[in-house]
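Residue numbers (the numbering used here): 198 to 484.
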């Protein structure tokens with residue numbers, strides 16, 4: 198399996214270190230092993246996604262093992278859902294590849310190929326250098342460069358993606374695994390930034406064309422040193438609200454305790470004939 202052209206959506210063929218489509222659009226494979234499938238007209242900024250500094254902070258934090266229980270939980274769920282006929286899986290918003298590498302082990306045991314996608318070139322470059330067993334690309338999660346019904350499973354940890362794109366790319370009977378913040382995720386960290394801390398809203402996502410088959414919560418307390426606490430802050434979407442003195446105070450802490458709260462949901466793509474809308478496409482239900 199390969200990519201589809203982000204400009205004309207035709208299949209891309211790989212030869213002589215480049216991906217090309219019948220229309221003549223060409224995308225060269227970088228020396229690190231990834232391909233950039235994010236045309237300039239699809240960018241919202243000059244360098245979208247996480248910067249090299251943010252990526253390095255996240256890698257240091259993740260390499261310390263603080264989110265390993267989450268990685269293990271999602272990998273175990275993926276192992277349960279994938280069958281021996283699986284051909285391809287995709288990690289959307291894969292960042293520097295910490296989770297993707299674990300998913301690739303599961304996929305390889307089933308004979309499937311693993312793809313990782315992120316809008317950040319810095320993150321994908323780092324991922325491709327460390328994890329050559331995964332096929333990485335720089336691309337928009339809202340314009341997935343893959344053919345219809347080409348993925349057996351998509352994993353989406355915090356990453357945004359249009360529901361219609363998920364429904365287009367996942368095979369009938371295939372899976373989408375999502376991870377979102379639970380109500381009490383990182384409460385202690387938020388308490389240093391906001392005068393009034395609000396719980397995350399309960400999960401309410403609905404995916405047209407999918408049925409919710411499994412949901413679970415995962416929470417535990419992390420014990421971090423000052424550097425790890427600052428790295429965690431840099432990973433969060435509310436980092437830009439943190440004043441310099443908050444970062445300085447975190448950096449000076451010998452120990453910072455912070456709880457996690459993750460919500461994991463598994464959605465199965467409804468099976469229906471082309472052009473036919475099944476009742477499941479209109480109503481998602483939960484076990």
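Just so you know, even glycine gets a beta-carbon here, dropped at the ideal spot from N, CA and C. Just so it is clear, the structure is predicted and the values come from calculations on it, not from any experiment.
Beta-carbon gap between residue i and residue j smaller than 8 angstroms
i           : j           : result
residue 421 : residue 336 : no
residue 374 : residue 275 : yes
residue 456 : residue 381 : yes
residue 331 : residue 301 : yes
residue 423 : residue 447 : yes
residue 416 : residue 466 : no
residue 426 : residue 453 : yes
residue 338 : residue 366 : no
residue 468 : residue 388 : no
Backbone CA spacing between residue i and residue j [nearest angstrom]
i           : j           : result
residue 201 : residue 352 : 19 angstroms
residue 304 : residue 464 : 18 angstroms
residue 220 : residue 229 : 26 angstroms
residue 358 : residue 203 : 16 angstroms
residue 213 : residue 329 : 18 angstroms
residue 267 : residue 393 : 28 angstroms
residue 270 : residue 311 : 18 angstroms
residue 398 : residue 379 : 8 angstroms
residue 286 : residue 442 : 43 angstroms
residue 482 : residue 277 : Unreliable placement is indicated for residue 482, whose pLDDT of 43 sits below 50; no coordinate value is reported for it.
residue 257 : residue 428 : 8 angstroms
residue 368 : residue 390 : 43 angstroms
residue 438 : residue 431 : 11 angstroms
residue 261 : residue 227 : 29 angstroms
residue 224 : residue 215 : 6 angstroms
residue 349 : residue 342 : 15 angstroms
residue 419 : residue 333 : 30 angstroms
residue 480 : residue 411 : Because the pLDDT at residue 480 is just 39, under 50, the model does not fix this residue reliably, and the point stays unresolved.
residue 296 : residue 354 : 9 angstroms
residue 263 : residue 445 : 21 angstroms
residue 236 : residue 207 : 15 angstroms
residue 217 : residue 251 : 32 angstroms
residue 409 : residue 403 : 9 angstroms
residue 273 : residue 248 : 30 angstroms
residue 199 : residue 372 : 19 angstroms
residue 222 : residue 449 : 52 angstroms
residue 356 : residue 440 : 26 angstroms
Cβ neighbour criterion (16 or more within 10 Å) applied to residue i
i           : result
residue 210 : exposed
residue 473 : Only weak support exists for where residue 473 lies, its pLDDT of 42 falling under 50; the value from the coordinates is given anyway. Per the 10 Å Cβ criterion, exposed.
residue 254 : buried
residue 280 : exposed
residue 145 : Residue 145 lies beyond the residue range present for the chain, which begins at 198 and ends at 484; the question has no answer from this structure.
residue 395 : exposed
residue 345 : exposed
residue 435 : exposed
residue 306 : exposed
residue 451 : exposed
residue 308 : exposed
residue 401 : exposed
residue 298 : buried
residue 414 : exposed
residue 347 : buried
residue 205 : exposed
residue 231 : buried
Supposed contact pair residue j and residue i - C-beta distance, whole angstroms, cut 8 angstroms
i           : j           : result
residue 292 : residue 320 : 5 angstroms
residue 313 : residue 324 : 6 angstroms
residue 461 : residue 376 : 6 angstroms
residue 363 : residue 433 : Actually they do not touch by this definition, with Cβ atoms about 25 angstroms apart.
residue 294 : residue 327 : 6 angstroms
Test: residue i CB closer than 8 angstroms to a CB of chain C
i           : result
residue 388 : Here chain C cannot be found, since the structure has a single protein chain.
Heavy atom of the ligand NAD within 7 angstroms of residue i beta-carbon
i           : result
residue 276 : The ligand NAD is not among the ligands present in this structure, which contains no ligands whatsoever.
For the stretch 378 to 457, list the beta strand (DSSP E) runs that are entirely contained and at least 3 residues long, ordered along the chain. 407 to 415, 418 to 421 and 453 to 456
Tell me the start and end of each unbroken alpha helix (DSSP H) in the stretch 267 to 349 that is at least 4 residues and wholly inside, in chain order. 295 to 306 and 318 to 327
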